[in-house]
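*Asks:* Heads up: the sequence lines are chains A and B, in that order. If you read the first sequence in the working numbering, its first letter stands for residue 211, the second for the next number, and so on. If you read the second sequence in the working numbering, its first letter stands for residue 2, the second for the next number, and so on.
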Amino acid sequence: MSRTAILLVAAAPRGRSLWDDARGRLLANRAAVAGLIVLALLFLAAVFGPALTPWRFDAVNKNDVWAAPLTQGHLLGADSLGRDLLARTLMGLSVSLAVGVVATFVSLVVGIAWGTTAGYVGGRVDEAMMRIVDVLFALPFVFFVILLMVAFGSSIVLMFLAIGAVEWLTMARIVRGQTRALKSREFVEAARAAGLTAHQIVLRHIVPNLLGPVVVYVTLTIPGVILAESFLSFLGLGVRPPMASLGSLIANGAQDMELAPWLLIAPALIMAATLMSFNFIGDGLRDALDPKDR
Amino acid sequence: MLGLIARRLFTALPTLFLVITAAFFMMRAAPGNPFQGERQLPPEIEARVMAKYGFDRLLIVQYGTYIADVAHGDLGPSLKYKDKSVVDVLKENFGVSLVLGLSALIVAGVTGIALGIAAALRQNRPADYLVMAVAVAGVCVPTFVTAPLLVLLFASTLQWLPNAGWNNGALPNLILPVAVLALPQIAIISRLVRAGMIESQRSNFVRTARAKGLPDWRVVLRHALPPALIPLVSYLGPACAGLLTGSLIVERVFALPGLGKFFVISALQRDYTVVMGMVIVYAALILALNLLSDLIAAALDPRVRLS
């Protein structure tokens, strides 16, 4: 390589990638930034909070039954068994977030595998695979999950799988559409000409380019999953007591709201804040990654 | 148009069939049976009862019989409600859910469209921000939070409205459940209408209408609004699914004697036939509404018809 070429390479300005641009646009979006901050705080609270509270989430204190907020050492009050609401809410938050993240991950893996296969192979296979998705889509989701929970008993692991198994459908559709569009691009053709196998092309060239729309959808799936889990817990099909999730706390709070409204209000506010942050971040990411949509 | 209907029916029927199949085997995979109550039956008697309903046969034979019965419109007897057929159980409870769902759909449609238009006409001004804030709240605050909070406020504290019960569908009993069901749909509909209106306000045909000197209300309602409503039509299917989901919560919180309340109870009690009947009704309803919304969309937008 000649001297000038080396100089030119050294002097070349660092290129702005799609992700640099997107980060700038995201950070300019006030709602999304607020969402990010609130969410970061909630995650920290969920991870470290349960260890820091003076009470255990399942400790029954018969002297503290119905303790109002800020009395008897209970910051948010206590429930019908004298269990500390702050400890229970933090526990519920971490369960809800964990369900949201893990079930979304399940849906991500299944959805990407299904979508890229259908999109890349195309033809009859594509048609058959997407017809299956259409059929599952028409199945009323809630009833499907309720039947699953009833059939196999409610456990957290099963809930991860059940919710993830339903949520992958939209992911598969999005991924398939993107894959079909990417398949005819030059770099995929070049990879094929270079003799890469279909497997390698999908993993190295298609999947990394799917990331934009997938990330947006993931941030919108997590709140959906949290909602679904809470919905099941509210109906009594979710986590088993004394374990708590935001949904089961809201369900219990709703039963006792005349006596102790704080039992309903605290978990409901945390729930709303969580869902709202995810939605703001999701909307912000969509605008940031795909500016022509605006 | 007839071709489209035929094509859609051709996919809807296999879908319904698969839904029935999946629900049938999932229900049967559940441990326990409908006859295990608090009172433990002696094994011989339990076997006798199981045999009476044909549950002693091979599962695949039972499945075949069930499908044949359903094809003839016979959903079988309820296993928990003695002397009642599944059709009776569904009939008794369907009315409440229908009144609830339809009122919520109408309230959501009218309110959502009105709010959407108002926001679009005042884009980026306080009224717009207010509507969009309501829309965000409607999406982010789930039904099972709004329902108890509204009861706490309007029934327990202010005592303006009854806190639960059906009371033969009296208006005061309907207000809270319908409001709770409609709120998330209002949020989504107003967002859809706002986006559609903003786009159509910029289009040439609206400019032409204004240039002709038509009064404002006529431009908005006759020219700008119709194209903005097309996305709403395709939202009809998901909206119905959302209402069904919401009704599971609402009917429980407000103790309303509708279908949704029965579904979870029946599933837990292993009332196989009632659960299957409900799955069939719900799936058929969603499929029918999806078909309807496809047809309306095709009638409104020639581009859909051609593709």
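Don't be surprised by glycine CBs; every beta carbon is placed ideally from N, CA and C. Bear in mind the structure is a predicted one, so any value in this text is a computation, not a measurement.
Counting only beta-carbon separations shorter than 9 Å, does D336 of chain A have a partner in chain B?
*Replies:* For D336 of chain A, the answer is no, since every Cβ of chain B falls outside 9 Å of its Cβ.
*Asks:* Could you round the C-beta distance between M277 of chain B and F263 of chain B to whole angstroms and report it? I think they count as a contact, below 8 Å.
*Replies:* In fact, because the Cβ distance is near 13 Å, the residues do not count as touching under 8 Å.
*Asks:* Cutting at 7 Å between CB atoms, please list the residues of its own chain near R253 of chain B, excluding the five before and the five after it.
*Replies:* Closer than 7 Å at the Cβ level, and outside the excluded window around R253 of chain B, lie K262.
*Asks:* Give the straight-line distance between the Cα atoms of D217 of chain B and L5 of chain B, rounded to the nearest whole angstrom.
*Replies:* Taking the straight line joining both Cα atoms gives about 38 Å.
*Asks:* So A400 of chain A is in the alpha helix (DSSP H); what residue range does that whole segment cover?
*Replies:* Its alpha helix (DSSP H) spans residues E396 to A403.
*Asks:* Does the Cβ of F545 of chain A have 16 or more other Cβ atoms within 10 Å, making it buried, or fewer, making it exposed?
*Replies:* Since the first residue of chain A shown is 211 and the last is 504, residue 545 of chain A is not available in this structure.
*Asks:* Just list the residues that DSSP pairs S86 of chain B with in beta bridges.
*Replies:* Paired residue(s): B:P78.
*Asks:* Contact defined as beta carbons within less than 8 Å: I believe S306 of chain A pairs with S455 of chain A. What is the distance between those atoms, to the nearest angstrom?
*Replies:* About 5 Å separates the two Cβ atoms, so the contact holds.
*Asks:* Applying a beta-carbon distance threshold of less than 7 Å, which residues of chain B neighbour M369 of chain A?
*Replies:* In chain order: nothing, as chain B lies at least about 15 Å away.
*Asks:* Check the C-beta distance from V135 of chain B over to A196 of chain B and give it rounded, since I have them as a contact under 8 Å.
*Replies:* In fact, because the Cβ distance is near 16 Å, the residues do not count as touching under 8 Å.
*Asks:* Within 10 angstroms of the Cβ of Q143 of chain B, are there 16 or more other Cβ atoms? Answer buried if so, exposed if not.
*Replies:* Per the sequence shown, residue 143 of chain B should be read as Pro rather than Gln. Burial call: buried.
*Asks:* Using a Cβ-Cβ distance under 9 Å, would L437 of chain A count as near chain B?
*Replies:* Closer than 9 Å to some Cβ of chain B, the Cβ of L437 of chain A qualifies, so yes.
*Asks:* Can you look up P180 of chain B in the DSSP assignment and give me helix, strand or coil?
*Replies:* Per the sequence shown, residue 180 of chain B should be read as Ala rather than Pro. Three-state result, A180 of chain B: helix.
*Asks:* For A238 of chain A, does the three-state DSSP call read helix, strand or coil?
*Replies:* Coil at A238 of chain A, not helix or strand.
*Asks:* How about G494 of chain A: is its C-beta nearer than 9 Å to some C-beta of chain B?
*Replies:* Taking Cβ atoms only, chain B never reaches closer than 9 Å to G494 of chain A, which makes this a no.
*Asks:* Does the count of Cβ pairs from the segment 491-500 of chain A and the segment 425-434 of chain A closer than 8 Å reach three?
*Replies:* Enough Cβ pairs lie closer than 8 Å, so yes.
*Asks:* According to DSSP, D294 of chain A sits in a beta bridge with which residue or residues?
*Replies:* Paired residues: A:A288.
*Asks:* How many Å lie between D228 of chain A and K393 of chain A at the Cα?
*Replies:* The amino acid occupying residue 228 of chain A in the given sequence is Leu; Asp does not appear at that position. Computed Cα separation, rounded: 20 Å.
*Asks:* Counting pairs of beta carbons, one from the segment 240-250 of chain B and one from the segment 436-453 of chain A, are three or more of them closer than 8 Å?
*Replies:* The segment 240-250 of chain B, when compared against the segment 436-453 of chain A, does touch it at the 8 Å Cβ threshold.
*Asks:* Measuring alpha carbon to alpha carbon, tell me which of A:W276, A:A238, A:R266 and A:T263 ends up nearest N527 of chain A.
*Replies:* Residue 527 of chain A falls outside the range modelled here, since chain A spans only 211 to 504, and no answer is possible.
*Asks:* Give the DSSP-derived three-state secondary structure of H73 of chain B in the structure shown.
*Replies:* Reduced to three states, the DSSP call for H73 of chain B is coil.
*Asks:* For Q388 of chain A, is the classification buried or exposed, using 16 other Cβ atoms within 10 angstroms of its Cβ as the cut-off for buried?
*Replies:* The residue in question, Q388 of chain A, is buried, as its Cβ has 16 or more Cβ neighbours within 10 Å.
*Asks:* Given this structure, state the Cα-to-Cα distance separating R58 of chain B from G65 of chain B, to the nearest angstrom.
*Replies:* Distance between the alpha carbons of R58 of chain B and G65 of chain B is about 11 Å.
*Asks:* Quick one: what does DSSP say A232 of chain A is sitting in, helix, strand or coil?
*Replies:* Three-state DSSP puts A232 of chain A in a helix.
*Asks:* What is the DSSP secondary structure of N34 of chain B, reduced to helix, strand or coil?
*Replies:* Coil, per DSSP.
*Asks:* Could you tell me which chain A residues have their CB closer than 9 Å to the CB of A24 of chain B, listed as they occur along the chain?
*Replies:* Neighbours of A24 of chain B on chain A, chain order: L349, F353, F354 and L357.
*Asks:* Distance cutoff 9 Å, beta carbons only. Does S308 of chain B sit that close to anything in chain A?
*Replies:* Reliability of the predicted coordinates at S308 of chain B is poor, the pLDDT of 46 falling under 50, and no value is obtained from them.
*Asks:* Do you know offhand how far V97 of chain B's Cα is from A240 of chain B's?
*Replies:* So the two alpha carbons sit approximately 18 Å from each other.
*Asks:* Is any beta-carbon of chain A found at less than 9 Å from that of A298 of chain B?
*Replies:* With 9 Å as the cut-off, A298 of chain B does not count as an interface residue toward chain A.
*Asks:* If I measure Cβ to Cβ from R504 of chain A and keep anything under 8 Å in the same chain, skipping five residues before and after, which residues do I get?
*Replies:* Note on R504 of chain A: pLDDT 41, under 50, position unreliable in the model; the coordinate value appears next. Excluding sequence neighbours, R504 of chain A sits near D497.
*Asks:* Between the C-alpha atoms of F253 of chain A and L285 of chain A, what's the straight-line distance to the nearest angstrom?
*Replies:* When rounded, the distance between both Cα atoms is 20 Å.
*Asks:* Just by C-beta distance, which residues in the segment 234-253 of chain A are closer than 7 Å to chain B?
*Replies:* Listed by position, the residues of the segment 234-253 of chain A near chain B (Cβ gap below 7 Å) amount to none.
*Asks:* Look at the alpha carbon of G166 of chain B and the alpha carbon of L175 of chain B, and state the distance between them as a whole number of angstroms.
*Replies:* If I take the Cα positions, the gap works out to 9 Å.
*Asks:* When the Cα atoms are used, what is the spatial distance from R386 of chain A to P173 of chain B?
*Replies:* So the two alpha carbons sit approximately 49 Å from each other.
*Asks:* Name, please, each residue of chain B whose Cβ falls closer than 8 Å to the Cβ of V424 of chain A.
*Replies:* Simply none; closest approach about 21 Å.
*Asks:* Put W324 of chain A into one of helix, strand or coil per three-state DSSP.
*Replies:* Three-state result, W324 of chain A: helix.
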